[in-house]
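In full-length UniProt numbering, the protein residues as written are 1 to 725.
And the structure:
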């Protein structure tokens, strides 16, 4: 046969793609018929520019090629040997298919094996990639048609007239992507040929096609979801969605080229990918921020304020787009996502004013010819380690304070929510922020500890701000202690919510409905323990039960949804653990208590449990989920003691009409923020932060928050006495 270009394919000693010596080259494409999946000829000729295969077809060919190269590595075959039945090599049985029960039994197939240092983010299961994908993902599905009314099909992702095809391809691509992410080489003894270990460089070379194919499949999956109506498809400004990191004003990939998938919690589909930066990437981000600081520190306060106000304006104009991205990152309903953006905007506005309110001081010491001056200057390069539950609010609050003070900042977003942070950074550049003043470095969960540690310990970093759990916060503090770096910690809550018998019950119910169920209970300031005075306990429980029954679980993009999923699978596991513990110790489930059967994603029903006691897990740690525990108390003294019986001290809330009691509780409750007849204890104008094990430092309010990013210098001057004056 002849190639489309009219030249006969040449025989080669070995295919440089799959290393086969016995198969003919496929013409213009750099590979043979085995690895490209054709009979013997190329389907594309650059000379004629016809018959170019689709991206999906090429992905299928890459997978077949990957199989061949992986086989060579798995079974100890030397470069150039053919993988055929007559080669004298004992071939394994047919590889298991996706969905087989044995597919995750990596140890049973190959024994334990770890190449994490060489291969990055490929964690164990079986190594085979025997998954046909020659057809275009957007062609007609070959499987039996699926009813457009199938309750398992997500109507957001699949328009009615394309439901069967889109659903089939989404599931297929998602499964393939997960399989590629899990692919690793087995140990030598499992190959049954040679126990001589392969060099790390050889293994990396053998696995490179897996990484390349993963990138292709991730892109195909992104496009498949996008083509069927996800957040990115409906953005007014699609350019806000960046699947890169921000370095010195440029959108870049990691040095390794590796990427990690980001899940939509409402469907458990991976809908986009972000760079997997590692320790080796950190230094260039810090160097960029340090270089930018040398000039930005001299930008006058008025100009810094103007940049922040412009950023505020651009975020306001893009609030719907940013909210849509947040919906698909966190799962929260659209109304909550928009509310988060609006709440966060208050910090940009506030710190624009704080930029011009930075003041030094002058004093005359006891020695008459001396004068003392105090000036304030930006501390330098700062690092923000931020959580996934309020990505927009956390970023704007931290970044605005740093920029107002004249600092540069590196943001490491949570692996669950990199894209909303990138969108905000994009708008900051559009607002006129110089390159390098704000850098954003993304990474996956596996590399987060090492990247964070490297950032904290870098000698050019002088300030770290962290929002997260107390356990992780203590680790961050240890990392920073060696360099005596300035640290702000906003940590766990375990917040009490107290209702006295003279309180306004309707007001308390309205506040608790927001404070408990917003973001599916995933906030450090949320009510963790609800104490109700015995005289109104039953009535309040019934009122909460009736109000909670009106909640509608669903994907955040659906207009009828009033509660979305938890953001992570581990969050669901923790909630289940809390519910099981409470029930085993006498708690009674009034509603919820389980995952809904008719929803995909990380959903858990809003759960109310009565008869809670102090020995239950929920009393001792944050729930961080949609579980409300009701505790009964008799006296003010009793409830204050119970409310303070925790190592945490972030926020407390109470409802009473007694003015004297209000004052007593403000003084006696051990928390950094007190909500008095309200569930909202946070605003840009007042300090935000806790006491005890809930952290130190403040992130809002007049003077205190911006001081976290400033240093003070004292200058002393001796004034010569001139008697004639």
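Backbone N, C-alpha and C define an ideal beta-carbon position, used for all residues, glycine too.
For residue i, the first and last residue of its enclosing beta strand (DSSP E)
i, result
"residue 388", "Note, residue 388: premise wrong, no beta strand (DSSP E); not H, not E."
"residue 296", "Where residue 296 is concerned, there is no enclosing beta strand (DSSP E), although the alpha helix (DSSP H) it sits in stretches over 279-296."
"residue 558", "Residue 558 -> no beta strand (DSSP E), and no H or E assigned at all."
"residue 457", "Counting along the chain, residue 457 falls outside any beta strand (DSSP E), though it belongs to the alpha helix (DSSP H) covering 448-457."
"residue 273", "269-275"
"residue 532", "527-533"
Whole-angstrom C-beta distance between residue j and residue i, which should lie under 8 Å
i, j, result
"residue 456", "residue 492", "In fact, because the Cβ distance is near 19 Å, the residues do not count as touching under 8 Å."
"residue 462", "residue 380", "4 Å"
"residue 708", "residue 488", "5 Å"
"residue 319", "residue 341", "5 Å"
"residue 314", "residue 240", "Between residue 240 and residue 314 the Cβ distance is about 10 Å, and since that is not below 8 Å, they are no contact."
"residue 639", "residue 498", "6 Å"
"residue 607", "residue 579", "6 Å"
"residue 410", "residue 437", "Not confirmed; about 10 Å, so no contact."
"residue 483", "residue 459", "7 Å"
Best match in the options for proximity to residue i [C-alpha to C-alpha]
i, options, result
"residue 564", "619, 580 and 389", "389"
"residue 422", "558, 265, 343 and 242", "242"
"residue 398", "344, 357, 579 and 415", "344"
"residue 604", "622, 690, 567 and 700", "567"
"residue 547", "591, 575, 383 and 484", "591"
"residue 236", "287, 298, 324 and 262", "324"
"residue 611", "541, 494, 569 and 679", "541"
"residue 559", "270, 327 and 699", "327"
"residue 561", "595, 266 and 693", "266"
"residue 689", "271, 528, 650 and 675", "650"
"residue 244", "410, 317 and 418", "418"
"residue 300", "702, 703 and 354", "354"
"residue 274", "252, 291 and 287", "252"
"residue 617", "383, 679 and 576", "576"
"residue 794", "483, 469 and 500", "Nothing about residue 794 can be read from this structure; the chain reaches only from 1 to 725."
"residue 600", "268, 254, 258 and 260", "268"
"residue 447", "383, 528 and 254", "254"
"residue 359", "248, 720, 411 and 703", "703"
"residue 296", "662, 527, 484 and 406", "406"
"residue 234", "321, 669 and 272", "321"
"residue 554", "519, 582 and 476", "519"
"residue 674", "570, 526 and 551", "526"
"residue 246", "662, 550 and 412", "412"
Contact check, residue i vs residue j, beta carbons under 9 Å
i, j, result
"residue 375", "residue 715", "yes"
"residue 391", "residue 420", "yes"
"residue 717", "residue 370", "yes"
"residue 516", "residue 532", "no"
"residue 289", "residue 408", "yes"
"residue 395", "residue 424", "yes"
"residue 572", "residue 544", "no"
"residue 294", "residue 710", "no"
"residue 503", "residue 656", "yes"
"residue 683", "residue 705", "no"
"residue 278", "residue 472", "no"
"residue 642", "residue 631", "yes"
"residue 634", "residue 664", "no"
"residue 695", "residue 490", "yes"
"residue 679", "residue 512", "yes"
"residue 735", "residue 276", "Only positions 1 to 725 of the chain appear in the structure, and residue 735 is not among them; the question remains open."
"residue 692", "residue 670", "yes"
"residue 385", "residue 467", "yes"
Segment limits, alpha helix (DSSP H) that includes residue i
i, result
"residue 537", "537-548"
"residue 641", "636-644"
"residue 475", "470-481"
"residue 513", "505-517"
"residue 770", "Outside the modelled stretch of the chain, which goes from 1 to 725, sits residue 770, for which no answer is possible."
"residue 668", "659-668"
"residue 352", "334-355"
Open item on the list: Whether or not the stretch 397-405 and the stretch 536-545 are in contact is what I'm after, with contact meaning three or more pairs of Cβ atoms, one per stretch, closer than 8 Å; do they touch?
Closed with: No: fewer than three Cβ pairs fall under 8 Å.
Open item on the list: I want to know whether the stretch 441-456 touches the stretch 325-339 - three or more CB-CB distances under 8 Å.
Closed with: Contact check between the stretch 441-456 and the stretch 325-339: fewer than three CB pairs, one atom from each, fall below 8 Å, which does not count as touching.
Open item on the list: Pairs of beta-carbons, one from the stretch 431-440 and one from the stretch 291-310, closer than 8 Å: are there three or more?
Closed with: The stretch 431-440, when compared against the stretch 291-310, does touch it at the 8 Å Cβ threshold.
- [ ] Inspect the CB distances between the stretch 500-514 and the stretch 642-649 and report whether three or more fall short of 8 Å.
- [x] Result no; under three Cβ-Cβ pairs closer than 8 Å.
TODO: Mind the definition here: the stretch 578-587 touches the stretch 349-367 only if three or more C-beta pairs lie below 8 Å; say whether that holds.
DONE: Remark: fewer than three beta-carbon pairs, one from each stretch, lie closer than 8 Å, so the stretch 578-587 and the stretch 349-367 are not flagged as touching.
TODO: Would you check if there are 3 or more beta carbon pairs closer than 8 Å linking the stretch 609-623 to the stretch 275-288?
DONE: Cβ pair count under 8 Å is below three, so no.
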